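Here's the structure we're looking at; comments come further down.
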Ligand SMILES: [Zn+2]
């Protein structure tokens, strides 16, 4: 991949055509018809990190507790992170498929792919031959690498689509099942009883509409209606049930117990509810790294029953379209097994997510630049490390407000709960792969993450040998 000082693609007001079949009486989209351009845009959502969705939604995603978690990172003093760049990595996570997605017919605002190099680069290219995906990583010379460069796309490839091949027409249902087989059976399966109530609407969709669709994808069961029809509120908001948190282990190999992380829970013994938790850097790394996880990886972890909006349907559509030969094997893998962007993996990888290999970047003119690991304070190119600088303890609330531990903060917490000290008990639990998955899912769909994951029965099962005791 060649990078240069100037942009070679225009991020303008692109539009694309979309035909909607709308049930006027019920004010809902029955289905949409499109070419592969719109389907490529939809599928690209699977490659997008959760943190990007939160950022683009202006921290109003309503996605479980993710908005609060994102704000916790924003408000965290950088002294608690390995490098300043760690904060940028979490707030502006990168996608392993970002170069491919530059070929999409429409780019969302504020998603320009930028690589950063040392400002001293031009004076001595050999000494400063590094790139970073974060805007404030440090070069080995000590300077902040804030000089922007941009990838140069190959024009020929830009004409071939991104994920979907060929020139089929596609039918997309309101709940984002994508199919290319437009038979009568399919039309009937959409539940249209009276064809006279169905009206055709032709749209010129732009970036704003696509952004609305992205926001609805994760929180609605009728995202097309909610984003394309006027005067509609998101109707089928997800209601979380305890059983939804229960994890699906389809196709997963059990992880090793040796990486289990200790978390201390503060319990109200009068009702057995978790008041808050205390955890070290390993657990906070896990929690913060959820922001860097691509949407598709979450569906994969949760065995296509994530209960998160309509994203399961979109994910299953990739498998069907791939079986029909409309997406080739490599492109389907980028959607159904999306990796973290290079250098985003944390060492205690409880969920066994994979990281993409760093791309070789060549600066215009020919010098090969090495990708630095922005998490590393030592300017290394090797993967690994974590975001949070330890040893340190954090306090986290039921809705994932995460702050560094302090005694005064603990006292103010206990005062806020207005409980006799005798009613508060500490329990130490060990979080393994199973609990980490529960945590991921609850973070995305629940507003009471600690209590959903660490229910009394669950706590009994995973309580640490060190036991529990009262104040
Ligand atoms: Zn330098």
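In my numbering, the protein residues as written are 835 to 1305.
Virtual Cβ for every residue (Gly too), placed ideally from N, Cα, C.
The structure displayed is predicted, hence computed values, not measured ones.
When the five nearest sequence neighbours on each side are left out, the beta carbons in the same chain lying within less than 6 angstroms of the beta carbon of residue 1218 are those of 1181, in order along the chain.
In this structure, ligand 1 has no non-hydrogen atom nearer than 8 angstroms to the beta-carbon of residue 882. Take residue 996, set aside five residues on each side of it, and the residues of its chain with a beta-carbon closer than 6 angstroms to its own are 874, 934, 937, 938, in chain order. Three or more pairs of CB atoms, one per stretch, sit closer than 8 angstroms, so the segment 956-970 contacts the segment 1189-1207. Going by beta carbons, residue 1145 and residue 1010 fall inside the 9 angstroms limit.
In this structure, the CA atom of residue 1209 is about 14 angstroms from the CA atom of residue 1174. For residue 1062, the three-state secondary structure derived from DSSP is helix. Of the heavy atoms belonging to ligand 1, at least one sits nearer than 8 angstroms to the Cβ of residue 961. Secondary structure of residue 986 (DSSP, three-state): coil. Annotation for residue 1114: 1095, 1096, 1224, 1225, 1226, 1227, 1228 place their beta carbon closer than 8 angstroms to its own, counting only its chain and skipping 5 residues before and after. Within the segment 897-958, complete beta strand (DSSP E) segments of at least 3 residues are found at 949-951, given in chain order.
Annotation for residue 1046: the continuous alpha helix (DSSP H) segment containing it runs 1041-1051.
When the Cα atoms are used, residue 1136 and residue 1062 turn out to be separated by approximately 29 angstroms.
For residue 1007, the beta-bridge partners assigned by DSSP are 865.
Here the distance from the Cβ of residue 954 to the nearest heavy atom of ligand 1 is below 8 angstroms.
The alpha carbon of residue 915 has as its nearest neighbour, out of 1282, 1237, 884, 836, the alpha carbon of 1237. Rounded to the nearest whole angstrom, the C-alpha separation of residue 1059 and residue 946 is 28 angstroms. In this model, residue 980 and residue 952 are separated by some 6 angstroms (Cα to Cα). DSSP places residue 1029 in the helix class (H, G or I) of the three-state scheme.
Counted as a single uninterrupted DSSP element, the beta strand (DSSP E) harbouring residue 1238 occupies residues 1236-1238. Residue pairing of residue 1171 in beta bridges, as defined by DSSP: absent, with no partner found. Taking residue 1239 as the centre and dropping the five residues before and after it, the same chain places the C-beta of 1112, 1226, 1227, 1228, 1229 closer than 8 angstroms to its C-beta, in chain order.
Per the Cβ contact rule, the segment 922-931 is not in contact with the segment 1240-1250 (fewer than 3 Cβ pairs under 8 angstroms). Around the CB of residue 880, 16 or more other CB atoms lie within 10 Å, so the residue is classed as buried.
Under the three-state reduction of DSSP, residue 966 is assigned to strand. Taking 9 angstroms as the cut-off, the Cβ atoms of residue 924 and residue 1122 count as close. Taking the CA atoms as reference points, residue 1254 sits about 21 angstroms from residue 1262. In its chain, beyond the 5 residues on either side, 884, 888, 1277, 1278 have a beta carbon closer than 7 angstroms to the beta carbon of residue 900.
Non-local beta-carbon contacts of residue 920 in its own chain, meaning distances under 6 angstroms to residues more than five positions away in sequence, involve 1209, 1221 in chain order. With respect to residue 1167, residue 965 sits apart: the two C-beta atoms are not nearer than 9 angstroms. Out of 1039, 1268, 1125, 1289, the CA that lies nearest to the CA of residue 867 is found in 1039.
Proximity of the beta carbon of residue 975 to ligand 1 is indicated: a heavy atom of the ligand is located closer than 8 angstroms. For residue 979, the shortest C-beta to heavy atom distance toward ligand 1 is below 8 angstroms. Pairing residue 1012 with residue 1148 gives a Cβ-Cβ distance under 9 angstroms.
Non-local C-beta neighbours of residue 955 in its own chain, meaning closer than 7 angstroms and more than five positions away in sequence, comprise 962, 981, ordered along the chain.
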